[in-house]
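Order-wise, the sequence lines are chains A and B. Remember, our numbering sits 63 above the position in the first sequence when you count from 1. Remember, our numbering sits 788 above the position in the second sequence when you count from 1. Just so it is clear, CB atoms sit at the ideal spot from N, CA and C, and this is done for glycine as well.
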Amino acid sequence: MDILMQLLMSGIALGMIYAVIAFGYQSTFATSGTLNFGQGEALMLGAMVGLSINGDVLGGPYTNYWLMIPLVLLFGALQGVVVEFIAVRPAIKSKSEFGWIMSTIALGIIFRNVAENIWGRDDMPFPSPLPTAPIHILDANVLPMELMVVVGALLMMLLVELFNRRSIYGKAVVATSSDRDAAGLMGINTGLVITFSYALSSMSAAFAGVLIAPITLTGASMGAVLGLKAFAVAIIGGLTSGLGVIVGGILLGIAETTTGFYLSTGYKDVPGLVLLLLVLAIKPSGLFGKTTIKKV
Amino acid sequence: MLEIHDLKAAYGQVQVLHGISLNVPQGQVVTLIGSNGAGKTTTMRAVSGMLKPSAGRIMLGSKDITGLPAHRIAKIGLAHSPEGRRVFPTQSVRDNLLLGAFTRLTLGGKRPRGDIQGDLEKALDLFPRLRERQHQLAGTLSGGEQQMLAMARALMLKPEVLLLDEPSMGLAPILVDEVFHIIGRLKEQGITMLLVEQFAAAALGVADYGYVMENGRIAVHGPATQLRNDPKVQAAYLGGSASH
Ligand SMILES: Nc1ncnc2c1ncn2[C@@H]1O[C@H](COP(=O)(O)OP(=O)(O)OP(=O)(O)O)[C@@H](O)[C@H]1O
Ligand SMILES: [Mg+2]
C-alpha cells in the first residue's frame, strides 16, 4: 500500500463532500447574491433525518439506505424553502444588504438546538449500506462508501447541470442568475427561482450529509466545521464556477489528509485556511471565478 | 389595447413621471419621443413592472396591470425589449429565444402555446444574422446583433403589446434602416407596439400616433403625420426638417 496514494484517495472523497456543500452555496449566490450560512446545519439535519429513517434512533429502521435518499432530498428541499422564506426573503424585500447573513446564521443555530433536543448531543454511528471492507484501487485502500461519495457527488452535479442546460425551467434559473430584471420580463417568477435555489442548496447539503454520515459519525454538531470548510472551498474555487468547487474541494481535501498525516492531525485545518487566505489575497474572485461582486 | 392614465413614478425620493396618459390602440404603432432624461424609459419600466408606479392606472386590454410584478404582466401578454438589450450573455441565441417564449412553454405560463418551433423559425427569418449565430452565446454577439436578439426574444412571447425601447441604439446607420424596416413588417402583421426612439423622424414615419415627452410630462401628442409637420416638434426633435 502506498501511503501517499492512500492520502490522495481519502482526500478526494472528503473533497467531494466539500464540493457538494459548496455547490449549494453557489446555487443561491447565483440567483440572489445571498448565501445560506446554515448550510452546515442543513447537512446535519439531512444526516439526522436519514439516520432516523434508516437507523433505530426513532423506532426505525423504516426503509433501507437507498430508499431513504429521496426522502432526505425531499426533506432538504423543504428545509431550504423554510430558510429562504424566513431568513432571506424578508432581507431581500427590505433591500437590506447584509440582513441575510445574520438571519441565516441565527436560523442555523436554531436548527442545531432543535436537533440537540430531538436527537441528543452525542455522536451516533450511521449504518453503512455498503460493505465496510476496503477495496484496493491504485495501491490504496478505499472504502466502498468513499467511492459512493465521489460517484454520488459527481452524479448530482451532472444532473443539475443537465437540468440547467436542457430544460426550460433550468434555463430560467440561469437567466435569473445573469439578469434578474430581464428574466422577470420573460415571465419568469424570479422570487420563486430564488426559493428553488435555496431548496436545491439545502438539498445538496442534506445529500452530502447522508453521503458522509456512514464514513464519520452523525450528531448535532457535525455540520458546523463542514459548512465552514465548504464555504472556504466556494471562495477558493470561485462562487461562480462549478468546476471550481470540485477542484477547490479536492485541493482542500488532499491538503487536509496529507497535513494530518505528515504534520499532525492537530494542524489539518490549517492548510485549507492558508489556501483561503492566499486566494483571497491574490485572486479574490476565486481560482476559477469571474467576479464575486454582484448586485443584490 | 394599452391605456395609461395619469401615471406617476419615482426613483427613491426623486419623482420622474408627473402624470403620463397615453393610449396604444390595437394594431397600431405609437411612438414616444423626447430628449434624453425625459422619462421615456421610466414610462416603459413602469408599464412592464420593472418599476412600481407610485400612482395612476395601466390597463392591458381589459386587465388592470398597475403595480403587478413583471412576470405576471408578461403572462398577461406584454413584452418589453428593454433599454440596453439585456440579453442573457451566458446562454445561446436559441436559448434566449426560447426564454422569450417562457410564458408559452411552461405550465403556469398562461399564454397559449401555439407553434413555438414555427415562431422560432419566423424570428430567425426576420433576423437572418441570428440564424447564422443561433448556437453562439449571446454575450459574444456584436451590439447590433444583441439588439436584434432582444427584439426577437420579445416577439417570442407573441405579445398583445410590444414595448421597444430604442431598438436602434448603438447601431450602424445601415442597421438602423434595417431595424425600422423590420418594425414596419411587424406593423403589417398587426402587432401593437409602443416605440421609444431617438430617431424621431423615422419613428414618426412608421408610427400612427406620437407622444412627445418633456421632463416627465406629455408635452404634445397627435397623429404622426401631424407631429411631423408641427414646427415646434420639427425644431426640437427632427433637426429642423422632417427627413422621411
Ligand atoms: N435607476 C435610476 N435611479 C435614479 N434616477 C434614475 C434612474 N433611472 C433614470 N433616472 C432618472 O430619471 C430620469 C428619466 O430617465 P429615463 O431613463 O426614463 O429617460 P429617457 O427618456 O429614457 O432618456 P434616454 O433618451 O437618455 O434614454 C432621468 O433624470 C434619470 O436621471
Ligand atoms: Mg431611455
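7 Å Cβ shell around G113(A) - same chain, five flanking residues per side excluded
M131, V135, G272, V273, A276
Please report the residue range of the alpha helix (DSSP H) in which P334(A) lies.
333-345
Which residue comes first and which comes last in the alpha helix (DSSP H) that contains I970(B)?
961-976
First and last residue of the uninterrupted alpha helix (DSSP H) at I864(B)
858-864
DSSP-derived helix/strand/coil call for G998(B):
strand
Please report the distance separating the alpha-carbon of M1001(B) from that of I962(B).
27 Å
Report all residues for which the CB-ligand distance to some heavy atom of ligand 2 is below 7 Å; order them along the chain.
K828(B), T829(B), E871(B), D953(B), E954(B), V984(B)
What did DSSP end up calling Q803(B) once you bin it into helix, strand or coil?
strand
Thinking C-alpha only, which one of P124(A), L98(A), T126(A), L217(A) is nearest G162(A)?
L98(A)
Please say whether Y999(B) and L795(B) have beta carbons closer to each other than 8 Å?
no
Relative to chain A, which residues along the segment 875-887 of chain B have a C-beta separation below 7 Å, given in chain order?
F876, P877, T878, Q879, D883, L886, L887
Quick one: does the C-beta of V835(B) sit closer than 7 Å to a heavy atom of ligand 1?
no
Range of the contiguous alpha helix (DSSP H) that encloses R845(B)
Careful: R845(B) lies outside any alpha helix (DSSP H), inside the beta strand (DSSP E) at 843-848.
With A953(B) as the anchor, note down where its beta strand (DSSP E) starts and where it stops.
The residue asked about is misnamed: residue 953(B) is Asp in this sequence, not Ala. Unbroken beta strand (DSSP E) run through D953(B): 949-953.
Please list, in chain order, the chain A residues whose beta carbon lies closer than 8 Å to that of S842(B).
By Cβ distance, chain A contributes nothing, its closest Cβ being about 17 Å from S842(B), past 8 Å.
For I356(A), the three-state DSSP class (helix, strand or coil):
The predicted model places I356(A) with a pLDDT of 42, which falls under 50 and marks its position as unreliable, so this point remains unresolved.
I want to check one thing, is the minimum distance from the CB of Y999(B) to the heavy atoms of ligand 1 below 7 Å?
no
Nearest residue (CA-CA) to D185(A), options L193(A), R175(A), P194(A)
R175(A)
What do you reckon, are the CB atoms on Q935(B) and M957(B) nearer than 8 Å?
yes
Helix, strand or coil for E985(B), going by three-state DSSP, please let me know.
coil
Applying the 10 Å Cβ sphere with the 16-neighbour rule, what's the burial state of L929(B)?
buried
If we cut at 8 Å on Cβ distances, does A248(A) have a partner in chain B?
Going by the sequence as given, residue 248(A) is Leu instead of Ala. It does: the Cβ of L248(A) has a partner Cβ on chain B nearer than 8 Å.
Any Cβ of chain B within less than 8 Å of the Cβ of K357(A)?
For K357(A), the predicted model reports a pLDDT of 39, less than 50, meaning its position is unreliable; a value from the coordinates is still stated below. So no, K357(A) is outside the interface.
Euclidean distance between Cα positions of L866(B) and M847(B)
11 Å
Less than 8 Å separating the beta-carbons of L950(B) and I970(B)?
no
Might you give, ordered along the chain, the residues of its own chain that have their beta carbon closer than 8 Å to the beta carbon of K851(B), omitting 5 neighbours on each side?
I864
Indicate whether at least one CB of chain A lies closer than 8 Å to the CB of S836(B).
yes
Suppose the cutoff is 7 Å on Cβ atoms and the five residues either side in sequence are ignored; what does the same chain contact list for M266(A) look like?
L136, G139, A140, G143
Quick one: give me the first and last residue of the beta strand (DSSP E) that P1011(B) is part of.
1005-1011
If contact means a Cβ-Cβ distance below 9 Å, which residues of the segment 217-235 of chain A contact chain B?
R228, I231, Y232, K234, A235
Is the beta carbon of A938(B) within less than 7 Å of some heavy atom of ligand 1?
no
Tell me whether E791(B) sits in a helix, a strand or coil according to DSSP, three-state version.
strand
Min CB distance L891(B) to chain A below 8 Å
In the sequence on display, residue 891(B) carries Thr and not Leu. It does: the Cβ of T891(B) has a partner Cβ on chain A nearer than 8 Å.
In chain order, what residues of the same chain lie with their CB nearer than 7 Å to the CB of A798(B), ignoring the 5 residues before and after it?
V804, S842
Kindly indicate which three-state DSSP category A1023(B) falls into: helix, strand or coil?
helix
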